[in-house]
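Enquirer: For the sequence shown, numbering that gives the first Met the number 0 gives the first residue as 0, with consecutive numbering after it. Ideal placement from N, C-alpha and C gives every residue a C-beta, glycine not left out. These numbers were taken from a predicted model, which means no experiment stands behind them.
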Amino acid sequence: MRIRLLACLAAAVALVASLVSPANAELYHPRQDWLRASTAGLFLHWGMFTAPRHTDCAAWERDVTDGGWTPDYWIDEAKKLGASYVVLTTFHSRLGYARPWPSKIPGSCATQRDFLGELIATGRAKGVRVMLYMTDDPQWHNETGHESLDSAAYSAYKGKPVDLTTRPGFGEYSYDLFDEVMDRYSDLAGFWIDNDNEYWEQHGLYEHIREKRPSWLLSNNNEDTPIMDTVSNEQKTGMTPSYDYPQAVYTPMPRLTEADYKLPTNGDWWYSGGDQAVDFRLSTGRYITNAGSSIKSLMAETAMLNGKFPPQQEAFNNFMASWTQPIKESLQGTEGGGYLYGGLQPGFWNDGAHGVITVKPGARTQYVHVVTRPSTNLVRLRDNGYRVTGVSDLRTGKPMRFAQSGGYLSILDITSWDDYDTVFKVDTAGQQYFYDKSTIKATASSNGSSAANLVDGSYLNYWDAGGQLPVSVTLDLGRKRSTAYLAVHERESSPTYARESFGRAEDSARIKDYRVDASDDGKNWRTVRTGALPSARGVQFIDVGEVHARYLKLEVLNTWSGPQAKPFYRQLALDEIDVAYGYPDPRGEVPLEAESWRNGFEGKATPVWCEACSGTNAVTGLDRGAVVFRDVQATGPSRLQLDTTGPGTLSVSINGAAPITVSAPGAIAAPLTAGANTIKVSGTADLDRIAVAPLPPESYTPRTTLTVQPAGVQWVSPGQQSLKITASLRLDVDDPVDQVSLAPVVPAGWTLEGAPVTAANLRLGQVLSGSWTVTAPAAQAAAIPVTASFTTLGRAKSVSKPVQVKPRPADRVFMREAEDSANDIGDAGVTSCSPCSGGQKVRNIGGSAGAAVTFPDVTAGAAGQYTLYLDFTVNGDRSYFVSVNGGAPTEVKVSGVGNNTPYTTSVPVTLNAGANTIRIGNDRSGAPDLDRISLG
């Protein structure tokens, strides 16, 4: 894979725009059919630099052949993984640019044996397609001192000088290789292209491939290029749970999408020695969750010199061959459920459960994949209007007891769990009680011309808010009608939470806080529901109770993304909104329903009809009575969830003890005893049900996003210095926290101006913010942690992020890190760099006007000429263009090796007294990575 994304990847704004709307992409074409029917592929990085590293092409080929390489092995191993295609990655920038075919074009290693041809033929005989990886990148041509590219030989072949170590020269060379491969191998399935080369684009390579091989597939890594069939997403990590790869993918269906990731837990994409472990839990989880989002799992294994995989990878392949066999019908011929293909709601379920849905065409047959099992013996999830007729364990065929009511399916009495994926086959009679969309008219307060897309039944069209927030969508039902809930299909054009990818900040563009109003005449409105939606993939639901109105207005007050993630900030987009007038017909009983005949009812406590409740009833009158749950089984202290029909306060007494006050709906750590317990509930809210589950592990901390500014090392001048710090804490999950406090913690001798900001509690999506001024007695190095503390289920937790302060060197009058939050890094990104001054640097600079770093407020004590020092890393020869206060740019040429060694160069600049603005970029081609700037 690419080690550094170059200029073509730098245009993040254009990238995200294309992800939201791949304007000219062929979303459906017959050449894509085989990949749409696939679940997985095998990614093979194997070449001349596979360990033991070779620098002689003929010697490498001889050792491969003598080692017993055979194409059958790769194809057979791919089939064990359920892979229907192989991507051969030999012409790779870090593997010696070797070509595994007898090429007539000189320029890099080419074998005499036709490894590629043999692999294609074997794959064709066994039903596995082969794609060829092609790199755009010559920058590693001289890695560790060995020159892999032969410019002289290629120049002689072309009859003109061509420097293969430059991007244009390499682009011309590789263009010829594309042509040669197309001429030689008619049965190749297509090209897997690792980003774009300017020469290819200028000379119409992709159009040329389309004309010459119209049936071949084109896939591009990390970019949504409209002419490509597939978008591949590289090695996403940092999700919760870690296996849920789709959370970090933001390519909306039905665009063909891959997730390419390494199966070995550690090490390179290629074999560099050793037998690296494979994390079965992580790898099986990725495989299943990708299938649950119609994403193809392109799994990378590290073939050794002779083609064989190290023992632990072979063992994983053998495991997959047997483990997937009983659930194959849920993975083949299915699509991800909860999206445009229909299906139950995927994601986070009850009691810590997490999983995905796959569906057969038409979604009458569905599969619930429980990848993380709950702490209880039931699974409860939204039914999305499907009336369930039967549930069975797919691995064993055992029929399962289930209940359905209030929009939820509960699968009960589960005693057998698979270690990695418990799969339940769910038979349905289709969806019930949704209004025909042809009877609904949609309008919007912004971008109203596309509002009709919300009710057209097509996921090829959508509505976006045009950057406006708050924004509202009004649904005209044609006449006064009953509404139970809205099913909102948000466009999957953003990740689900705040993260970084290739150094670029990402966040969710989905709905956070909302309000639903109803009206009979479109003029006089009444609020029927307020709340927050989780930032999650798949269909989301807003239950409004039993509302009778002609008009419904969904007002989106804000979205999840903050301004730090510019491409996703205020970028709300919705595919469809369904309006339901009822829930599927109820069936069965869920444990611990408030209205159960097993309970006792004191005073005025009375069961009442409640269609949206889990048993179609709730208990009211708790302000003048109580409901008593008897024989509540537990193993000891537990998490007690109390579901109510609205907000209020409950009083909970356990086994006759003093009552505990609970903000409802909510959860508490309940002092239950092992065996049977009695729970008595009264209060000001109507009670739907309770649920008892083991307490989460002590290590569990609800997911939050803590944003602190300034970010990046703060270089301060001598003497007493003050620094303003701002911070915000956002709760990202529906797991309330209490007793929240947020403040910096200053070192001894420092002063803090401003008190901690506090909140009694935070609920889903809520934010606590504050600002403070810290003052040091003199310039000194310090780490100032900004700490948020809170309790969850009575346990004390905290999260923290430091502000780093260092004294500026005496020979500098100004110094700032490139990654400092005061700067505008445009479409570039921040990445780790351990030898860099602040442990980070800005990468992906150049290639477009947007991929530049702008330093505002560069202060000078007096007008005049200064020396601007640039600290950078680079591999090869590159240039910056430096502009001061909007003036003409000055080119600064630099050279370096390895891209992980900081260098320093300088350029004279003329500054005004006071604040100045310095822009560093390269609008035409890739620039070096930037560590920091300073003035002398």
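Taking only runs that begin and end inside the segment 673 to 735, name each unbroken beta strand (DSSP E) of 3 or more residues, in chain order.
Expert: Fully contained in the segment 673 to 735 are the following beta strand (DSSP E) runs of length 3 or more, in chain order: 674 to 682, 686 to 693, 703 to 708, 713 to 715, 720 to 730.
Enquirer: Report the option in G764, A39, L262, D819 whose CA atom is closest to the CA atom of G939.
Expert: Outside the shown range of the chain (0 to 935) lies residue 939, about which nothing can therefore be said.
Enquirer: Any idea if K327 is buried or exposed, counting beta-carbon neighbours within 10 angstroms, 16 or more meaning buried?
Expert: exposed
Enquirer: Would you mind sorting E210 into buried or exposed? The rule is 16 or more other CB atoms within 10 Å of its CB.
Expert: exposed
Enquirer: Which of the three DSSP states, helix, strand or coil, is assigned to Q632?
Expert: strand
Enquirer: Helix, strand or coil for Y156 per DSSP?
Expert: Y156: helix per DSSP, three-state reduction.
Enquirer: Closer than 7 Å by C-beta to Y174: which residues in its own chain qualify, once you throw out the five before and the five after it? Chain order, please.
Expert: Y198, W199, H202, L204
Enquirer: Relative to the alpha-carbon of G354, which residue among Y242, F308, S457, S882 has its alpha-carbon at the smallest distance?
Expert: Y242
Enquirer: What's the gap between the Cα of L761 and the Cα of M181?
Expert: 59 Å
Enquirer: Ignoring anything shorter than 3 residues, give me the beta strand (DSSP E) runs that lie fully in the segment 839 to 907, in order along the chain.
Expert: 839 to 842, 852 to 859, 863 to 872, 875 to 883, 889 to 895
Enquirer: Out of A666, D630, T791, R623, which one is the CA nearest neighbour of L641?
Expert: A666
Enquirer: Helix, strand or coil for W73? Go by DSSP, reduced to three states.
Expert: helix
Enquirer: With a threshold of 7 Å on Cβ separation, who are the neighbours of Q467 within its own chain once the five nearest residues in sequence on each side are excluded?
Expert: So the qualifying residues of the chain are S445.
Enquirer: How about R811 and L929: do their beta carbons lie closer than 8 Å?
Expert: no
Enquirer: Which stretch, first to last residue, makes up the alpha helix (DSSP H) that contains M181?
Expert: 166 to 183
Enquirer: Just the Cα atoms here: how many angstroms apart are S681 and Q738?
Expert: 24 Å
Enquirer: Could you check how far apart the C-beta atoms of V852 and N822 are, in whole angstroms? I think they sit under 8 Å.
Expert: 6 Å
Enquirer: Please report the straight-line C-alpha distance between A862 and T288, rounded to a whole angstrom.
Expert: So the two alpha carbons sit approximately 59 Å from each other.
Enquirer: Just to confirm, is the Cβ distance from A633 to V707 under 8 Å?
Expert: Not a contact, by the Cβ cut-off of 8 Å.
Enquirer: Quick check on M303: does DSSP put it in helix, strand or coil?
Expert: coil
Enquirer: Taking C-alpha atoms, which residue in K307, E505, R807 lies nearest to G273?
Expert: Closest option to G273, Cα to Cα, is K307.
Enquirer: Would you identify the three-state DSSP class for V454, choosing helix, strand or coil?
Expert: helix
Enquirer: Cα-Cα, which of H145, I659, N194 is closest to E222?
Expert: Answer by Cα proximity: N194.
Enquirer: What's the gap between the Cα of Q234 and the Cα of V766?
Expert: 30 Å
Enquirer: List the whole-angstrom C-beta distance separating L551 from T482, where the pair is believed to meet the contact cut-off of C-beta under 8 Å.
Expert: 6 Å
Enquirer: For a test of the three-state rule: what should DSSP assign to V12, helix, strand or coil?
Expert: Residue placement at V12 is poorly supported in this model, since its pLDDT is 35, which falls under 50; the coordinates are not used for a value here.
Enquirer: Exposed or buried, what is S847 when buried is set at 16 or more other beta-carbons lying within 10 Å of its beta-carbon?
Expert: Buried, by the Cβ-count rule.
Enquirer: Mind the definition here: the segment 657 to 676 touches the segment 600 to 610 only if three or more C-beta pairs lie below 8 Å; say whether that holds.
Expert: Fewer than three beta-carbon pairs drawn from the segment 657 to 676 and the segment 600 to 610 are found closer than 8 Å, and the two stretches are therefore not classed as touching.
Enquirer: Please identify the residue among F401, D418, P360, P646 whose C-alpha is closest to the C-alpha of L411.
Expert: L411 has its Cα closest to that of F401, out of F401, D418, P360, P646.
Enquirer: Taking the alpha-carbon of R112 as reference, which of D542, T791, T121, W100 has the nearest alpha-carbon?
Expert: W100
Enquirer: Taking the alpha-carbon positions, what's the W749 to D733 distance?
Expert: 37 Å
Enquirer: Is the beta carbon of S511 less than 8 Å from the beta carbon of L485?
Expert: First, the residue type needs correcting, since residue 511 is Lys and not Ser in the sequence shown. No, the pair does not count as a contact, with Cβ atoms beyond the cut-off.
Enquirer: Does the segment 149 to 157 come close enough to the segment 113 to 127 to have 3 or more Cβ pairs within less than 8 Å?
Expert: no
Enquirer: Under a Cβ-count criterion, where at least 16 other Cβ atoms within 10 Å of its own Cβ denotes burial, should Q312 be classed as buried or exposed?
Expert: buried
Enquirer: On the DSSP bridge assignment, give the partners of D930 in chain order.
Expert: DSSP, once it has assigned bridges, lists no residue as partnering D930.
Enquirer: What is the residue span of the alpha helix (DSSP H) that P590 lies within?
Expert: Taken as a continuous stretch (DSSP letters only), P590 belongs to no alpha helix (DSSP H), as it is neither H nor E.
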